[in-house]
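Have a look at the structure below, then the notes.
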Amino acid sequence: MTVYESGLKIAHAAIVLLAATAPPVAAQPAPAPAPDAAAPRGELTATEVAGAPAPGEESGRIDVPDRDSAARRTARAVLYVPKVLVEIVLAPFQLPIWAYDRYHLRDLYYRTFYNEDRTIGLVPIATYETDFGFSVGARFLATDVAGENEQATVSAEFGGSYHQAFQGYMNSGDRLGDHVLLELYGEYQKRPRDIFYGIGNGDTTPRPPVPVDPYTTPVTLRTRFRQRIERIVGVINARLFDDLYLVSSNERGDRAYSPAHYGTPINEVFDTATLAGWPSTSYFYSELALRFDTRGRYNLFEPGPYLSVGTLAELWGGRNLRFNDNPDYWRYGLNLQHFIRLGEGPRVVALRFRGEGVSGSLTDVPFAQLPRLGGPRDLRGYTTDRFRDRVAAVGSAEYSWDLSYNVAAALFVDVGRVYSSIEDMTYHDLRCGFGLSLRFFSETSFWMDFTLASSVDGGVQVTASFDPVYLVRPRVRRR
Amino acid sequence: MKSSQIQMFTLVLAAGCASTPEMPPARFANAPVVERVDDRRDVPKPPAERPFFLSFYNYNGVVQRPLTRAMELPPPQRALGVNALDDVPDSTWFTNRIGVRDLTVDEVRTGPNQVGSPEQHRPWTVHENKTGAPELGLKITDARGIDFLLKFDLPAYPEEQTAAHVIVGKLLWACGYHTTDDYVVLFSPSDLVLAPDAARIDVFGDKHPFPRAELDEMLRDTGVGAGGRLRAMASRWIPGKLLGGIPGEGVREDDPNDRIPHELRRDLRGAYSVTAWLDHVDMLEDNFVDTWIADGGRHYVEHYMIDFGKSLGVMNTTQLNPRNGFEYFAPDFGAMAHSGVTFGIQRRPWEGQSAPPIIGVGLFDGAHFTNPDGWTPSSQAYLPLLFSDRFDKFWGAKILIRFSPAQIRAAVEAGRLSDPRAVDYLTDTLVARQRTSARYWFERVNPLDRFTVEPRGSGAALCFDDLALVHRLDAEAAATQYRIASYDRAGSPIGSPATFRASGAAGHSCVGPLTLAPGDGYTIVEVETIRPGIALSTLVHVARDPKTSAPRVIGIWRL
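Heads up: the protein sequence lines correspond to chains A and B, in order.
At position 190 of the first sequence (counting the first as 1) the number is 212 in this note's numbering, and the numbers step up by one without a gap.
At position 17 of the second sequence (counting the first as 1) the number is 270 in this note's numbering, and the numbers step up by one without a gap.
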């Protein structure tokens with residue numbers, strides 16, 4: 023939805039030229055021409071006021087009117103040129119805004135890219151993330167496919183973390199009542215610059231003279247690899263009781279890996295022949311999640327997407343069945359979120375924990391599917407996928423407060439690390455990221471999360487995310 | 254210290270105390286006060302229609318124009334368009350009503366209405382829809398042939414917008430503003446008959462067929478009221494050729510009668526305290542409209558305030574945003590920065606608002622209206638309110654405080670709210686806010702008004718109303734004194750200052766006798782009101798009437 027709104031602005035700017043040819047129209051119905059109507063009852067008439075002083079002559083003042091001082095007039099003359107410069111500099115902002123209103127660009131956009139009921143349309147997409155850059159694309163969506171709010175989307179995206187990404191999604195809307203929601207998701211992605219730092223929680227190391235086995239040699243260095251993902255995901259969301267959900271997710275996927283043509287290719291640092299899953303892996307993954315979710319807003323006077331009360335507790339586990347005689351393994355995890363509303367606005371303290379692990383040995387699990395930390399959601403302040411191992415755990419504390427109805431700020435601290443096993447979990451060598459987020463939303467839609475983050479290990483991460491950080495629903499789809 | 258030294262010290266001290274203060278330059282002609290201006294001079298050609306672009310307007314008003322205006326170094330300036338008594342003369346902008354005379358309850362109830370409700374004149378012919386607002390609007394003609402605009406409530410907030418529109422329209426009219434001829438109407442869908450050429454108009458101005466089924470669907474979406482009837486606000490189409498909104502800055506260049514920059518007009522700047530009282534937050538350029546009318550062979554432009562449906566806290570509920578009235582919506586960078594740097598720790602004035610869950614009542618209360626000077630309209634782009642100073646706000650306050658509870662109730666009843674508790678609540682809240690506003694401004698500007706000079710023995714006394722006492726705003730006559738000092742035209746003291754107790758009944762006092770300057774008697778009388786915590790002054794200019802030689806008030810200058 024954020025993508026949708028922010029995308030609108032981009033689209034509007036893009037069709038200014040198109041709109042410039044549109045004829046001017048009045049925003050309201052034309053007034054009835056009645057130029058001969060009499061003056062309203064009780065009002066003075068022209069005859070009654072004839073001879074009275076003209077406006078500006080009513081004060082009765084006979085003293086010399088105030089005049090600007092010479093200093094003020096001189097300063098005004100001096101500032102004339104900067105004033106004109108300001109107007110020139112701001113003209114590129116002013117003109118599109120004028121065109122937006124003058125030619126009803128928002129409505130023109132809807133008229134051009136949506137059906138009359140606005141249930142079928144085309145939405146531009148744009149994202150930005152440090153280390154990946156900008157991506158742009160478009161999404162076709164239908165929000166009421168068969169009359170029961172069934173949704174379907176098809177999108178294509180290019181740039182940023184993608185070379186190409188094509189995705190399709192549909193759900194059952196209200197077709198099956200409010201206790202069951204079926205979702206189907208498929209995607210084809212070519213990701214040219216995914217990041218691999220090696221395995222473990224280590225600090226960055228010098229580049230080795232020859233490629234090393236990442237499972238045996240503790241080298242930590244940012245490398246890039248290409249990944250092609252083809253998968254289809256089916257999800258059954260069942261609402262058992264008011265706030266208790268059972269979610270079954272099933273995924274059939276194929277992934278292929280190769281060295282990147284960008285940055286430091288993975289094969290220059292790591293011996294890819296030793297990497298589990300390299301050069302490709304096929305699998306079927308089935309997961310069951312039990313979710314207790316009472317999160318929401320405190321009252322209608324606070325934006326819906328701004329969670330301020332409630333708790334999320336989610337326990338999930340799934341089996342990854344690998345094809346071609348590769349070993350299977352389990353995935354499991356825990357999500358906890360709790361929101362403490364401190365005051366109106368709202369002001370909120372949010373606590374979050376996410377833990378994830380896999381069974382089997384490191385070499386049983388494709389390297390790209392190991393639990394990971396770093397990026398705009400988990401362990402912010404670190405590069406995306408900075409850490410990976412068999413177990414990942416991250417806790418987060420955040421204080422957020424409203425700046426206006428549509429904008430909130432958040433200060434956060436994320437603490438966590440990856441481990442080689444649950445038995446090895448310790449409080450030592452924790453990684454810590456921190457930062458500031460600005461979040462934008464409407465009463466019903468989350469628009470954008472703009473985050474500036476750093477960590478105790480240095481570096482600055484800037485992300486513009488269109489998914490709220492507390493979103494859990496598309497977890498399987500995103501992994 | 255010797256006695257003579259003490260006397261000398263006392264004299265020097267007294268001389269210092271009595272020395273001439275910094276006398277403002279304002280001097281007035283010895284002439285009757287202007288009560289009306291002629292801005293109805295013939296404008297044979299209609300001025301151009303002004304389009305309104307909301308985003309552009311807000312961008313300019315919030316971002317660009319403040320920057321460029323700062324570089325123009327405008328001096329702080331008191332309002333124009335005032336007469337010698339610091340009041341607004343009648344004009345095409347403003348007609349003095351409750352500010353100068355006692356309106357009857359029925360006058361307030363009737364307000365600007367002239368033709369009577371179309372409810373008694375059905376069926377109504379529907380010509381087209383109105384675009385540009387989320388709520389449904391229809392242009393109709395009643396059985397008499399009078400055109401109205403029907404506006405409906407948002408279905409989630411029944412009665413709120415229609416009631417607020419009519420209530421506030423009547424109160425603003427009684428204050429003196431020109432407002433539209435509006436009625437809350439109840440009717441059934443069958444009362445609406447589509448004209449043969451009825452059209453549904455889209456936002457681009459394109460006309461489409463308007464089948465009955467589509468109209469019925471629109472009506473269903475508005476929500477049906479009690480007894481299966483529909484409720485709407487019928488606003489009589491403003492007569493004349495509509496010219497669009499009124500610019501908030503400068504003048505309408507093609508209207509020769511429009512001679513005072515709007516950001517300097519007292520009637521527009523002084524609307525601040527009135528709109529704050531009514532929480533009329535939607536003060537944008539396009540919620541004013543100019544109309545070019547004919548009057549006895551002349552044509553001129555009249556100025557209206559329109560669209561009050563978001564007043565009385567209704568914008569808070571329809572936008573689900575309790576900040577309206579406390580922060581700008583468009584956006585308020587100051588409030589955002591303040592909240593940002595204080596990490597939201599400081600409690601904001603809009604927090605904790607509440608209103609009873611009664612149909613027709615928005616998020617509107619009196620308890621949070623503690624700082625009438627902190628009230629904000631939805632956008633800072635409307636300059637007259639932004640430029641409004643304490644004298645403007647005082648002017649508005651002395652008008653709004655003249656409403657009696659019965660008059661306010663009459664206006665509220667015109668909103669035809671279905672729940673009697675809504676009438677009680679809105680009346681009580683408006684009375685509470687009215688008194689808060691007046692009390693606040695009467696503590697910031699000397700609340701003396703209606704100055705006259707009356708004979709007293711062989712001399713003359715200066716008489717006036719102390720508005721804080723007249724309206725019993727926490728001020729006690731026993732604790733009030735007036736210190737009088739007189740000066741000649743040049744500002745030199747005449748005689749010695751004297752202090753008087755508030756003596757008259759119901760806040761009306763006379764002090765004197767006055768010592769007038771020789772010649773034409775031009776005398777500046779400084780009247781300082783002294784109450785616990787307050788010492789505020791007004792300069793009253795007095796001179797002898799050349800015809801009768803009787804002294805009279807020719808001007809005042811509030812300090």
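By construction, the Cβ of each residue, glycine as well, lies at the ideal position given by its N, Cα and C atoms.
Proximity of I513 (chain B) to chain A, defined by a Cβ-Cβ separation below 8 angstroms, is satisfied. In the structure shown, the three-state DSSP call for N577 (chain B) is strand. Per DSSP, reduced to three states, the secondary structure at W648 (chain B) is helical. The Cβ of P77 (chain A) sits closer than 8 angstroms to at least one Cβ of chain B. In summary, S745 (chain B) is exposed, with fewer than 16 beta-carbon neighbours lying within 10 Å of its beta-carbon over all protein chains present. Straight across, the Cα-Cα distance linking E372 (chain B) with F440 (chain B) is about 7 angstroms. Within the stretch 81 to 92 of chain A, contact with chain B at the beta-carbon level (separation under 8 angstroms) is assigned to S81, G82, R83, I84, D85, V86, D88 and D90. Listed by position along chain A, the residues whose Cβ is nearer than 8 angstroms to that of R280 (chain B) are R83, I84 and D85. Between the C-alpha atoms of T384 (chain B) and H126 (chain A) there is a straight-line separation of about 12 angstroms.
Contact annotation: in the stretch 311 to 329 of chain A, residues whose CB is within less than 7 angstroms of a CB in chain B are L322 and F323. In the three-state scheme derived from DSSP, where H, G and I count as helix and E and B as strand, M276 (chain B) is classed as coil.
With 16 or more other CB atoms across the displayed protein chains lying within 10 angstroms of its CB, K563 (chain B) is buried.
Only exposed fits N346 (chain A), as fewer than 16 other CB atoms lie within 10 angstroms of its CB. About 5 angstroms separates the Cβ atoms of V370 (chain A) and S330 (chain A), confirming a contact at the 8 angstroms cut-off. Among the residues facing chain B, T67 (chain A) is included, as its CB has a counterpart in that chain under 8 angstroms away. When the five nearest sequence neighbours on each side are left out, the beta carbons in the same chain lying within less than 6 angstroms of the beta carbon of F347 (chain B) are those of V341, G429 and D520, in order along the chain. Of all residues in the stretch 450 to 481 of chain A, only E465 place a beta-carbon less than 7 angstroms from a beta-carbon of chain B.
At a cut-off of 8 angstroms between beta carbons, D560 (chain B) makes no contact with chain A. G367 (chain A) has a beta carbon lying within less than 8 angstroms of a beta carbon in chain B. In the three-state scheme derived from DSSP, where H, G and I count as helix and E and B as strand, R484 (chain B) is classed as strand. In the structure shown, P700 (chain B) falls within a coil segment according to DSSP collapsed to helix, strand and coil. I110 (chain A) is classed as exposed because its beta carbon has fewer than 16 other beta carbons within 10 Å across all chains shown. Contact check between the stretch 370 to 384 of chain A and the stretch 413 to 428 of chain A: three or more CB pairs, one atom from each, fall below 8 angstroms, which counts as touching. A residue is called buried once 16 or more other Cβ atoms fall within 10 Å of its Cβ, and E205 (chain A) is buried on that count. DSSP places W426 (chain B) outside any beta strand (DSSP E); the residue lies instead in the alpha helix (DSSP H), whose first and last residues are E413 to C428. The three-state reading of DSSP puts V491 (chain A) in coil, since its state is none of H, G, I, E or B. The residue among B:L424, B:N569 and B:T689 with its C-alpha nearest the C-alpha of Y410 (chain B) is B:N569. With respect to the 8 angstroms criterion, Y219 (chain A) and F409 (chain A) are classified as neighbours on the basis of their beta carbons. M447 (chain A) sits close to A415 (chain A), with the two beta carbons spaced by under 8 angstroms. By alpha-carbon distance to Y328 (chain A), the top candidate from A:D293, A:P368 and A:G339 is A:P368. By DSSP's assignment, N382 (chain B) forms a beta bridge with B:L391. In this structure, R453 (chain A) lies near S477 (chain A), with their beta-carbon atoms less than 8 angstroms apart. A284 (chain B) reaches chain A at G82, counting residues in chain order whose Cβ is nearer than 8 angstroms. Scanning its chain for C-beta atoms nearer than 6 angstroms, with the 5 sequence neighbours on each side dropped, one finds around G397 (chain A) the residues T406, in chain order.
The C-alpha of W530 (chain B) is placed about 49 angstroms away from the C-alpha of R313 (chain A). When secondary structure is reduced to three states using DSSP, S564 (chain B) falls in the coil class, being assigned neither helix nor strand.
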